[in-house]
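Enquirer:
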Amino acid sequence: MLSQTAEYALRTVLFLGGRPPGELARVSQLATVLGIPRNYLSKTLHQRARARILLSSRGKHGGFRLAREPDAISLHEVVSLFE
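One point on numbering: in the numbering used here, the residue at position 32 of the sequence shown is 23, and numbering is uninterrupted.
#1: Start and end of the alpha helix (DSSP H) containing Ser71?
#2: Hey, quick one: how far does the alpha helix (DSSP H) through Arg29 stretch, first residue to last?
#3: Looking at the structure shown, is Arg10 part of a helix, part of a strand, or coil, going by DSSP?
#4: Using CA coordinates, which residue listed in Pro61, Glu74 and Gln20 is at the minimum distance from Gly54?
#5: For the structure I just gave you, are there three or more beta carbon pairs, one from the stretch 14 to 28 and one from the stretch 37 to 44, closer than 8 Å?
The structure is reproduced here in structure tokens:
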């Protein structure tokens, strides 16, 4: 069974993997669409960026996207950060 944080991480990566390549998603958008508390989500997104699963861009038009192609990211890689 996955922890709540690992489940949120997986849902976020799956959502980002379904977006057009290179398209950024803002934290507020992800929180709303996925039903995850914004502040909590923001912390976990940055952890995945440090692990090089996600890329982040700052600023007015910033956001998050996958660092690699979706099929190059393993389930273990995503959830192991939070288990």
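Heads up, the beta-carbon is just placed ideally off N, CA and C, and yes, glycines get one too.
Expert: Well, looking at it:
#1: No alpha helix (DSSP H) holds Ser71; DSSP gives it neither H nor E.
#2: Residue range Arg29 to Arg41 is occupied by the alpha helix (DSSP H) that includes Arg29.
#3: The answer is coil: DSSP assigns Arg10 none of H, G, I, E or B.
#4: Each of Pro61, Glu74 and Gln20 was checked against the Cα of Gly54, and the nearest Cα belongs to Gln20.
#5: At 8 Å Cβ cutoff, the stretches do not touch.
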